[in-house]
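As they're listed, the protein sequences go chains Y and E. Note that our numbering has the first sequence beginning at 2, numbered continuously upward. Note that our numbering has the second sequence beginning at 48, numbered continuously upward. Glycine is no exception: its CB is placed at the ideal position from the N, C-alpha and C atoms.
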Amino acid sequence: SQTIHQWPATLVQPVGSPLSLECTVEGTSNPNLYWYRQAAGRGLQLLFYSVGIGQISSEVPQNLSASRPQDRQFILSSKKLLLSDSGFYLCAWSETGYGNTIYFGEGSWLTVV
Amino acid sequence: GEDVEQSLFLSVREGDSSVINCTYTDSSSTYLYWYKQEPGAGLQLLTYIFSNMDMKQDQRLTVLLNKKDKHLSLRIADTQTGDSAIYFCAEDILTGGGNKLTFGTGTQLKVEL
Numbered sequence: 002s003q004t005i006h007q008w009p010a011t012l013v014q015p016v017g018s019p020l021s022l023e024c025t026v027e028g029t030s031n032p033n034l035y036w037y038r039q040a041a042g043r044g045l046q047l048l049f050y051s052v053g054i055g056q057i058s059s060e061v062p063q064n065l066s067a068s069r070p071q072d073r074q075f076i077l078s079s080k081k082l083l084l085s086d087s088g089f090y091l092c093a094w095s096e097t098g099y100g101n102t103i104y105f106g107e108g109s110w111l112t113v114v
Numbered sequence: 048g049e050d051v052e053q054s055l056f057l058s059v060r061e062g063d064s065s066v067i068n069c070t071y072t073d074s075s076s077t078y079l080y081w082y083k084q085e086p087g088a089g090l091q092l093l094t095y096i097f098s099n100m101d102m103k104q105d106q107r108l109t110v111l112l113n114k115k116d117k118h119l120s121l122r123i124a125d126t127q128t129g130d131s132a133i134y135f136c137a138e139d140i141l142t143g144g145g146n147k148l149t150f151g152t153g154t155q156l157k158v159e160l
């Protein structure tokens with residue numbers, strides 16, 4: 002069966018520090034991968050999605066970047082965090098193609114202080 | 048354009064039925080989803096409906112889709128305290144060969160004794 006892991010689960014970082022959130026998927030190959038953010042009191046916002054290694058699409062202009070160095074690894078990064086980057090970050094995956102269910106990881110709480 | 052709207056809160060008594068509503072704007076949506084998020088956790092897929100269906104029933108869950116009005120609802124029969132969570136609807140939009148889900152802001156369901 003397929004599983005998705007993301008870490009760390011909780012992170013408190015000072016403004017201006019770097020960020021790295023990691024996500025890996027097991028039990029499938031060539032998945033579509035996603036990073037979503039859920040800000041406090043707001044809905045989910047798609048940040049990045051990837052349909053293959055090295056292929057990253059950005060949905061919103063922001064202080065974050067994403068990379069996919071391996072087929073089942075998706076990394077969310079920032080060089081310098083802003084207070085507004087605080088939120089709940091969710092990694093997700095789906096099978097390749099259209100109309101497939103998206104499955105989410107357990108999420109990472111980021112607080113920028 | 049892409050916009051998914053939900054009411055923010057719903058309070059029901061245990062044993063009653065809950066109805067969570069959602070409206071969306073993109074008529075090209077093929078699948079529509081309901082996800083459940085418990086406090087501090089990731090999202091769990093509850094159910095989904097294909098756009099050529101009007102209704103789907105899965106145990107205590109009933110999904111109704113009015114494609115003409117772009118209105119989706121989730122009915123939970125015999126609501127229990129364990130159903131207390133945030134419920135997100137999402138529409139599936141074709142983009143670049145992969146899924147792109149646009150989520151609503153979520154409806155917080157509170158079940159009272």
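Please report the straight-line C-alpha distance between R38 of chain Y and S58 of chain E, rounded to a whole angstrom.
For the purposes of this step, residue 38 of chain Y is identified with residue 37 of the first sequence, where counting begins at 1. For the purposes of this step, residue 58 of chain E is identified with residue 11 of the second sequence, where counting begins at 1. Whole-angstrom Cα-Cα distance: 26 Å.
In the structure shown, what three-state DSSP assignment does T109 of chain E receive?
Within the second sequence, numbered from 1, the residue matching residue 109 of chain E stands at position 62. Three-state DSSP puts T109 of chain E in a strand.
Find the nearest neighbour of Q74 of chain Y within the set Y:Y104, Y:L111 and Y:C92, judged by alpha-carbon distance.
Start at 1 with the first residue of the first sequence, and residue 74 of chain Y comes out as number 73. Q74 of chain Y has its Cα closest to that of Y:C92, out of Y:Y104, Y:L111 and Y:C92.
Are the C-beta atoms of K147 of chain E and some chain Y residue less than 8 Å apart?
Here residue 147 of chain E refers to the residue found at position 100 when the second sequence is read from its first residue. K147 of chain E counts as touching chain Y.
Mark K147 of chain E as exposed unless 16 or more other C-beta atoms lie within 10 angstroms of its C-beta, in which case mark it buried.
Translated into the one-based positions of the second sequence, residue 147 of chain E becomes position 100. Buried is the label assigned to K147 of chain E, since at least 16 other Cβ atoms lie within 10 Å of its Cβ.
To be precise: take each residue of the stretch 127-138 of chain E, compare its Cβ to all Cβ atoms of chain Y, and keep it if any distance is under 9 Å. Which residues remain?
If the cut-off is 9 Å between Cβ atoms, the stretch 127-138 of chain E has F135 and A137 near chain Y.
Can you look up L48 of chain Y in the DSSP assignment and give me helix, strand or coil?
Numbered from its first residue, the first sequence carries residue 48 of chain Y at position 47. If DSSP states are grouped into helix, strand and coil, L48 of chain Y belongs with the strands.
Below 8 Å on C-beta distance, what does A88 of chain E contact in chain Y?
As a position in the second sequence, residue 88 of chain E is number 41, starting the count at 1. Under the 8 Å cutoff, chain Y gives E107 and G108.
Whose C-alpha, out of E:E138, E:A88, E:L111 and E:D116, is nearest the C-alpha of R122 of chain E?
For this step, residue 122 of chain E is matched to residue 75 along the second sequence. Closest option to R122 of chain E, judged by alpha-carbon separation, among E:E138, E:A88, E:L111 and E:D116: E:L111.
Compare the C-beta of F150 of chain E against all C-beta atoms of chain Y and say whether one is closer than 8 Å.
For the purposes of this step, residue 150 of chain E is identified with residue 103 of the second sequence, where counting begins at 1. By this cut-off, F150 of chain E is an interface position.
Does DSSP put T70 of chain E in a helix, in a strand, or in coil?
For the purposes of this step, residue 70 of chain E is identified with residue 23 of the second sequence, where counting begins at 1. Three-state result, T70 of chain E: strand.
Compare the Cα-Cα distances from Y95 of chain E to each of Y:L47, Y:F49, Y:P9 and Y:T102 and report the closest residue.
Taking the second sequence and counting its residues from 1, the one referred to as residue 95 of chain E is at position 48. It is Y:T102.
With a cut-off of 8 Å, do at least 3 Cβ pairs link the stretch 45-58 of chain Y to the stretch 25-37 of chain Y?
yes
Since A67 of chain Y is in the beta strand (DSSP E), which residue starts that stretch and which ends it?
Here residue 67 of chain Y corresponds to residue number 66 of the first sequence, with the count starting at 1. That run of the beta strand (DSSP E) goes S66 to Q71.
Return the chain-ordered list of same chain residues with a C-beta closer than 6 Å to the C-beta of L119 of chain E, the five sequence neighbours on each side being excluded.
Within the second sequence, numbered from 1, the residue matching residue 119 of chain E stands at position 72. Closer than 6 Å at Cβ, skipping near neighbours: C69, L79, L112 and C136.
Considering only DSSP beta bridges, list what G53 of chain Y is partnered with.
On the first sequence, residue 53 of chain Y is found 52 positions in, with the first residue counted as 1. Beta-bridge pairing links G53 of chain Y to Y:Q56.
Report all residues from its chain with a CB closer than 7 Å to the CB of G48 of chain E; omit the five preceding and five following residues, and keep chain order.
Looking up residue 48 of chain E in the second sequence gives position 1. Low confidence applies to G48 of chain E: its pLDDT is 44, below 50, so where it sits in the model is not reliable enough to give any reading.
Look up G129 of chain E in the DSSP assignment and say whether it is helix, strand or coil.
Translated into positions along the second sequence, residue 129 of chain E becomes position 82. Note: G129 of chain E maps to helix in three-state DSSP.
Taking C-beta pairs closer than 9 Å, name the residues in chain Y that L92 of chain E reaches, listed in chain order.
Taking the second sequence and counting its residues from 1, the one referred to as residue 92 of chain E is at position 45. Using a Cβ-Cβ cut-off of 9 Å, L92 of chain E is close to T102, I103, Y104 and F105 of chain Y, given in chain order.
Counting only beta-carbon separations shorter than 8 Å, does L45 of chain Y have a partner in chain E?
Within the first sequence, residue 45 of chain Y is the residue found at index 44, counting from 1. Judged by the 8 Å Cβ criterion, L45 of chain Y is in contact with chain E.
Closest Cβ-Cβ distance between Y95 of chain E and chain Y: below 8 Å?
Residue numbering aside, residue 95 of chain E sits at position 48 when the second sequence is read from its first letter. A Cβ of chain Y is located within less than 8 Å of the beta carbon of Y95 of chain E.
Indicate whether I76 of chain Y and S18 of chain Y have their beta-carbon atoms separated by less than 8 Å.
Here residue 76 of chain Y refers to the residue found at position 75 of the first sequence. Here residue 18 of chain Y refers to the residue found at position 17 of the first sequence. Not in contact: I76 of chain Y and S18 of chain Y (Cβ atoms no closer than 8 Å).
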